[in-house]
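Notes follow once the structure below has been shown.
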Amino acid sequence: MNDENLDLAQVSSRKSSRSKGGANNCVEVGLATEVVGVRDTKDRDGGTLVFDRSTWEAFLPSLKAGHFDL
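For reference, each letter of the sequence shown is one residue, going 1 to 70 in the UniProt record's numbering.
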């Protein structure tokens with residue numbers, strides 16, 4: 001898969017657990033074989049940030065620990 005053309009509609013994706021109900025004010029993460037795509041649910045056509053799996057997996061522990069909470 002060409003990561004420049006990652007379509008989250010074509011991969012297994014999920015919304016943030018902090019999204020309350022059907023709200024569209026969160027991020028959506030899509031897991032492809034070699035990459036992970038992240039996009040804003042308010043603007044799904046606005047582009048997707050694409051990370052390789054190893055970078056994403058290195059990022060998750062800090063995210064889960066709350067290091068990026070505002």
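Ideal placement from N, C-alpha and C gives every residue a C-beta, glycine not left out. Keep in mind it's a predicted model, so treat the numbers as computed, not measured.
> Count the other CB atoms within 10 Å of the CB of residue 84; is the residue buried (16 or more) or exposed (fewer)?
Replying inline: Missing from the structure shown is residue 84; the chain here goes from 1 to 70 and no further.
>> Using the three-state DSSP reduction, which class does residue 81 fall into: helix, strand or coil?
In response: There is no way to answer for residue 81, as the model of the chain reaches only from 1 to 70.
> When burial is assigned at 16 or more other CB atoms within 10 Å of the CB, is Arg-39 buried or exposed?
Replying inline: Per the 10 Å Cβ criterion, buried.
> Whose C-beta lies closer than 8 Å to the C-beta of Ser-62 among residues of the same chain, with five residues either side of it excluded?
Replying inline: Take Ser-62, set aside five residues on each side of it, and the residues of its chain with a beta-carbon closer than 8 Å to its own are Phe-68, in chain order.
> Where does Glu-28 fall in DSSP's three states?
Replying inline: Residue state, collapsed to three classes: strand.
> Starting from Arg-39 and walking both ways along the beta strand (DSSP E), at which residues does that stretch end?
Replying inline: Counting along the chain, the unbroken beta strand (DSSP E) around Arg-39 starts and ends at 35-40.
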